[in-house]
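Throughout the sequence shown, residue numbering follows the numbering used here, covering 9 to 602 in sequence. Heads up, the thing below is written out as structure tokens.
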Amino acid sequence: MKPLLEAVNLCKTYGRQTVLDGLSFVLSEGTHGALIGRNGSGKTTLLHILAGDEEADSGTFRLMPWTRLGVLRQHEILPDEGTTIGYLSGNSGKPEWKCAKLAARFGIRPAELGRAPAALSGGYQMRVKIVRMLLDQPNLLLLDEPVNYLDLPTLLLLEAFLRDYPGAFVMTSHDREVLQNVCTSTWEIAAGKLVTFPSDVETYLDWKEEQAEYTRRTNRRVRREMADAQAFADRFRAKASLATRAQSKLRHIAKLRTQLRELGGALPTAAFRIPCPPFTAGTAVRVEGLAVGYGSAVVAKDIALEVPRGAKVGIVGENGRGKSTLLKTLGGTLAPLDGTLKWWHRADIGFFSQHAEDTLSPQETVLQALTRAAPPDAPAERILSAAGAFLFREDDLEKTCGVLSGGERARVRLARLVLQEHNVLLLDEPTNHLDAETVEALAVALKAYPGTVFIVSHARTFMNAIVDRLYEVRNGTLRHCLGTYEEYVFDLANLAEEASHATEGSSAGVSSVSADGRAERRELSLLARERRRSQQRLEEKIKKLDREKSEILSYFFENPTDYAPEKSRRLSEIEEEMALFEKEWLDLEAKAVV
Ligand SMILES: Nc1ncnc2c1ncn2[C@@H]1O[C@H](COP(=O)(O)OP(=O)(O)OP(=O)(O)O)[C@@H](O)[C@H]1O
Ligand SMILES: [Mg+2]
């Protein structure tokens with residue numbers, strides 16, 4: 009396997025915190041690496057350094073001449089002007105039809121391509137970033153939490169894409185299932201050091217556990233032996249005939265002490281309880297004929313819902329269908345467009361919005377952010393104890409929110425909710441950025457929380473552990489799903505599989521996921537196949553014209569003094585024909601979603 013990147017002794021320190029402590033490694037062709045580690049362990053920092061966005065304090069790395077790097081950044085902001093297709097084409101220098109073709113593989117349809125990138129929902133923005141990166145045909149991808157804002161169908165699509173990806177990549181994600189499905193090697197950063205393991209994450213974690221168990225057993229045996237030797241030495245030290253023997257036992261103890269192996273200290277994990285003031289039984293919220301959206305743009309309507317206090321409600325649905333809009337309306341930050349929405353009179357709502365940037369000011373320190381959120385009469389100990397429960401201690405409290413890692417930011421926002429003691433929580437993608445241990449702690453705390461909870465989340469295990477009723481935003485309204493969350497995911501995965509077989513992974517694969525009934529789906533996929541064939545014919549024609557164009561251009565290049573009017577005329581004909589075919593291609597694409 010050819011090497012693609014070589015790093016030697018990379019170090020990075022922030023103040024008193026050593027984030028990377030001398031990392032050396034080689035990344036080779038074919039690597040499908042899972043970069044794991046707790047929140048704040050330095051994963052993003054390492055990827056930033058490799059992408060050239062940040063400098064290491066010391067150490068070096070080099071890309072080989074044949075390496076083409078593709079980078080997906082966690083916090084990158086997309087432009088809010090122009091169209092998405094213009095952005096993709098302008099950025100990659102590729103014709104629009106080619107961009108649209110790749111975009112379609114990730115379910116980005118003409119409607120989205122015509123809007124400004126920043127105006128798209130979180131999930132679509134992530135898809136746009138993925139497409140933009142792939143258009144440059146990289147052979148080494150650095151992916152920082154690529155699945156964070158993806159809905160389930162797109163997540164399944166991306167999983168399939170990465171699993172079969174012929175190039176190399178290293179990706180971070182706190183979704184273990186995704187890593188397990190696509191990665192074949194594991195790279196863990198802990199306490200500044202990097203451990204690489206040539207197998208998947210689960211095998212690595214099992215191996216780590218076995219190592220720890222072996223160390224524990226060895227240590228137990230050594231300690232027992234030390235205790236026996238000590239007892240002997242204590243008893244016979246004073247006895248002249250056995251004094252030398254006792255001395256030798258003491259030397260033996262010293263030797264045994266060196267055999268004690270250090271057990272990789274367990275890292276601290278957030279542990280918290282979500283307090284809830286007492287309430288009586290009854291209905292928490294009643295909704296009838298509700299329409300949600302922005303101004304004249306209705307996102308979903310005819311919504312009816314009645315939920316008892318204490319219920320744990322899950323809301324699912326594809327990206328951009330209106331889950332966050334519904335949650336914002338339920339939370340009162342967005343006015344209903346129509347219908348009635350009535351919370352019980354003592355409902356006190358805490359809201360966790362999808363984007364941390366909405367609520368944390370980058371200049372504020374962690375301590376200031378928590379103090380501002382706490383009730384005015386909250387004693388300092390309560391604030392410090394909430395901070396401690398979410399792993400912010402000493403120096404961490406003085407960090408400004410702007411420098412925190414994705415997961416640390418999410419922890420500050422959770423700590424604020426805990427300090428506020430609400431009896432209703434509306435949580436929009438609360439697990440994004442959180443490491444597996446903190447997600448588990450949050451699931452445990454939410455399960456024990458007596459209040460009412462509405463959660464929008466794509467984290468499969470998390471949702472499954474908490475929700476006791478499930479609603480799906482689909483076809484412009486909200487429907488109650490009768491099965492469990494697990495059954496819902498199973499159905500969805502089956503549909504996606506069927507659709508992608510039928511359409512060879514074209515955009516219809518995604519759109520037909522939402523079609524009801526087998527017959528209808530089959531018909532849709534036939535149409536899609538027909539359309540796909542026409543598109544392929546057009547692609548062939550474009551390719552042929554492109555070749556002809558290159559030949560003429562190289563003729564002109566080699567014969568700069570030859571005017572060759574015939575060739576010039578043909579060149580402009582080719583341009584026109586290509587434009588025509590490209591337009592036809594895009595029209596067919598638009599039909600796919602009508
Ligand atoms: N400019 C900075 N000043 C001070 N500390 C910083 C700065 N940038 C990052 N850090 C700290 O460095 C540590 C590593 O951050 P990094 O973003 O690499 O973590 P991560 O492993 O990607 O975490 P996550 O899983 O939450 O994304 C964090 O504790 C963060 O607070
Ligand atoms: Mg990170």
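Virtual Cβ for every residue (Gly too), placed ideally from N, Cα, C.
Margin query: Could you check if Glu153 belongs to the surroundings of ligand 2, using beta carbon to heavy atom distance under 8 Å?
Written below: The residue labelled residue 153 in the question sits at position 145 within the sequence shown. For ligand 2, at least one heavy atom lies less than 8 Å from the Cβ of Glu153.
Next item on the list: Mind the definition here: the region 369-384 touches the region 396-408 only if three or more C-beta pairs lie below 8 Å; say whether that holds.
Entry: Judged by Cβ distances under 8 Å, the region 369-384 makes contact with the region 396-408, as three or more pairs qualify.
Item checked: Backbone secondary structure at Asn17 - three-state DSSP -> Residue 17 sits at position 9 when you count from the first residue of the sequence shown. Asn17 falls in the strand class under three-state DSSP.
Next item on the list: Identify every run of the beta strand (DSSP E) within the region 314-400, keeping only runs that are complete inside it and at least 3 residues long; order them along the chain.
Entry: If we require 3 residues or more, the beta strand (DSSP E) runs fully inside the region 314-400 come out as 320-324, 346-351 and 357-360.
Margin query: Please report the distance separating the alpha-carbon of Gly303 from that of Ser332.
Written below: Translated into the one-based positions of the sequence shown, residue 303 becomes position 295. Translated into the one-based positions of the sequence shown, residue 332 becomes position 324. Inter-residue distance for Gly303 and Ser332 is about 16 Å (C-alpha atoms, whole angstroms).
Note to self: Would you say Tyr212 lies against chain D (beta-carbon separation less than 9 Å)?
What the structure shows: Considering every chain present, this structure includes no chain D. It has just one protein chain.
Note to self: What I want to know is whether the C-beta of Gly45 ends up closer than 8 Å to one or more non-hydrogen atoms of ligand 1.
What the structure shows: Mapped onto the sequence shown, residue 45 falls at position 37. For ligand 1, at least one heavy atom lies less than 8 Å from the Cβ of Gly45.
Margin query: With H, G and I counted as helix, E and B as strand and the rest as coil, what does DSSP make of Tyr302?
Written below: As a working mapping, residue 302 is identified with position 294 in the sequence shown. Residue state, collapsed to three classes: strand.
Checklist line | Residues near Pro87 by beta carbon distance below 8 Å, same chain, minus five either side | finding: Locating residue 87 in the sequence shown gives position 79, counting from the first residue. Counting only residues of its own chain and dropping the five nearest sequence neighbours on each side, Pro87 has a CB closer than 8 Å to the CB of Tyr95, Ala124, Pro125 and Ala126.
Item checked: Nearest candidate by alpha-carbon position, reference Pro206, set Ala451, Phe33 and Ala397 -> Translated into positions along the sequence shown, residue 206 becomes position 198. Considering only alpha carbons, the answer is Phe33.
Check: Residues in its own chain within less than 7 Å of Thr485 by CB, not counting five upstream and five downstream?
Finding: The sequence position of residue 485 within the sequence shown is 477, counting from 1. Its chain contains Ala308, Lys309, Asp310 and Ile311 as the residues whose beta carbon lies nearer than 7 Å to that of Thr485, once the 5 sequence neighbours on both sides are disregarded; these appear in chain order.
Next item on the list: Would you decide whether Leu619 is buried or exposed? Buried here means 16 or more other CB atoms lie within 10 Å of its CB.
Entry: With the chain covering only 9 through 602, there is no way to say anything about residue 619.
Margin query: Suppose the cutoff is 7 Å on Cβ atoms and the five residues either side in sequence are ignored; what does the same chain contact list for Glu233 look like?
Written below: Along the sequence shown, one-based indexing puts residue 233 at 225. Short of 7 Å from the beta carbon of Glu233, and not among the five residues preceding or following it, lie these beta carbons of its own chain, in chain order: Leu264.
Next item on the list: Give the single residue among Asp29, Ala176, Ser97 and Ala467 whose Cα lies nearest to the Cα of Glu185.
Entry: What you label residue 185 is simply residue 177 of the sequence shown in a count that begins at 1. Each of Asp29, Ala176, Ser97 and Ala467 was checked against the Cα of Glu185, and the nearest Cα belongs to Ala467.
Next item on the list: For the alpha helix (DSSP H) containing Tyr222, list its first residue and its last residue.
Entry: For the purposes of this step, residue 222 is identified with residue 214 of the sequence shown, where counting begins at 1. Per DSSP, Tyr222 belongs to the alpha helix (DSSP H) from Val209 to Phe244.
Margin query: Tell me the DSSP secondary structure of Trp105 in three-state form.
Written below: Counting from 1 along the sequence shown, the entry for residue 105 is found at position 97. If DSSP states are grouped into helix, strand and coil, Trp105 belongs with the helices.
Next item on the list: Determine which residues share a DSSP beta bridge with Phe69 and list them.
Entry: Counting from one through the sequence shown, the residue named residue 69 turns up at place 61. Residue pairing from DSSP places Phe69 in a beta bridge opposite Ala15.
Check: Should Ser413 be listed as close to ligand 2, given that the test is whether its C-beta is under 8 Å from any heavy atom?
Finding: Here residue 413 refers to the residue found at position 405 of the sequence shown. Yes - ligand 2 has a heavy atom lying nearer than 8 Å to the Cβ of Ser413.
Notebook entry, point to check: Say the cut is 8 Å; is the CB of Thr52 nearer than that to a heavy atom of ligand 2?
Noted result: On the sequence shown, position 44 is the one that residue 52 refers to. Yes, since a heavy atom of ligand 2 falls inside the 8 Å radius drawn around the Cβ of Thr52.
Checklist line | Length of the line joining the Cα atoms of Thr75 and Leu58 | finding: Within the sequence shown, residue 75 is the residue found at index 67, counting from 1. Within the sequence shown, residue 58 is the residue found at index 50, counting from 1. In a straight line, the C-alpha of Thr75 is about 12 Å away from that of Leu58.
Item checked: Beta-carbon gap between Phe280 and Val426 smaller than 9 Å -> Against the sequence shown, residue 280 aligns to sequence position 272. Against the sequence shown, residue 426 aligns to sequence position 418. Val426 sits close to Phe280, with the two beta carbons spaced by under 9 Å.
Checklist line | Unbroken beta strand (DSSP E) run spanning Met586, endpoints | finding: In the sequence shown, residue 586 corresponds to position 578, counting from 1. In the DSSP annotation of this structure, Met586 is not part of any beta strand (DSSP E); the continuous alpha helix (DSSP H) holding it starts and ends at Pro573 to Lys599.
Check: Does the separation of the CB atoms of Val497 and Val321 fall below 9 Å?
Finding: Sequence index remark: in the sequence shown, residue 497 carries index 489 (1-based). Sequence index remark: in the sequence shown, residue 321 carries index 313 (1-based). Between Val497 and Val321, the C-beta spacing is not below 9 Å.
Check: Would the beta-carbon of Leu158 fall within 9 Å of that of Gly131?
Finding: Residue numbering aside, residue 158 sits at position 150 when the sequence shown is read from its first letter. Residue numbering aside, residue 131 sits at position 123 when the sequence shown is read from its first letter. With contacts defined by Cβ atoms closer than 9 Å, Leu158 and Gly131 form a contacting pair.
Margin query: Distance check for Ser249 and Ile261, CA to CA, integer angstroms please.
Written below: Taking the first residue of the sequence shown as position 1, residue 261 is located at position 253. Taking the first residue of the sequence shown as position 1, residue 249 is located at position 241. A straight-line Cα-Cα distance of about 20 Å links Ile261 and Ser249.
Check: Assuming Ala397 contacts Leu378 under a Cβ cut-off of 8 Å, what Cβ separation, rounded to an integer in Å, is found between them?
Finding: Looking up residue 397 in the sequence shown gives position 389. Looking up residue 378 in the sequence shown gives position 370. Wrong, their Cβ atoms sit about 11 Å apart, outside the cutoff.
Notebook entry, point to check: How big is the Cα-Cα spacing for Thr192 and Met9?
Noted result: Residue mapping note: residue 192 aligns to position 184 of the sequence shown, counting from 1. Residue mapping note: residue 9 aligns to position 1 of the sequence shown, counting from 1. Roughly 15 Å between the two C-alpha positions.
Notebook entry, point to check: Are the beta-carbon atoms belonging to Ser472 and Asn156 less than 9 Å from one another?
Noted result: Residue 472 sits at position 464 when you count from the first residue of the sequence shown. Residue 156 sits at position 148 when you count from the first residue of the sequence shown. Rather than Ser, the amino acid found at residue 472 in this sequence is Asn. When the beta-carbon positions are compared, Asn472 and Asn156 stay at least 9 Å from each other.
Notebook entry, point to check: Any idea which residues DSSP pairs His40 with across the strands?
Noted result: In the sequence shown, counting from the first residue as 1, residue 40 sits at position 32. Looking at the DSSP output, His40 shares a beta bridge with Phe177.
Note to self: Quick check on DSSP: helix, strand or coil for Glu296?
What the structure shows: Within the sequence shown, the letter at position 288 stands for residue 296. Strand, per DSSP.
Item checked: Where Leu433 falls: helix, strand or coil (DSSP) -> Taking the first residue of the sequence shown as 1, we reach residue 433 at position 425. Strand, per DSSP.
Check: Roughly how many angstroms lie between the CA atoms of Gly200 and Gln267, to the nearest whole one?
Finding: The residue you call residue 200 lines up with position 192 of the sequence shown. The residue you call residue 267 lines up with position 259 of the sequence shown. Here the C-alpha atom of Gly200 lies approximately 25 Å from the C-alpha atom of Gln267.
Note to self: Which residues does DSSP list as the beta-bridge partners of Phe33?
What the structure shows: Taking the sequence shown and counting its residues from 1, the one referred to as residue 33 is at position 25. Answer is Ala15, bridged to Phe33.
Item checked: Tyr479 - containing beta strand (DSSP E), residue span -> Here the question's residue 479 lines up with position 471 in the sequence shown. Segment Arg477 to Arg482, the beta strand (DSSP E) holding Tyr479.
Check: Would you say Thr180 touches ligand 2, meaning its beta carbon is less than 8 Å from a heavy atom?
Finding: Position 172 of the sequence shown, counting from 1, holds the residue named residue 180. For Thr180, the shortest C-beta to heavy atom distance toward ligand 2 is below 8 Å.
Check: Is Gly23 near ligand 1, in the sense that its beta carbon is under 8 Å from a heavy atom of that ligand?
Finding: Here residue 23 refers to the residue found at position 15 when the sequence shown is read from its first residue. Correct: Gly23 has its Cβ closer than 8 Å to ligand 1.
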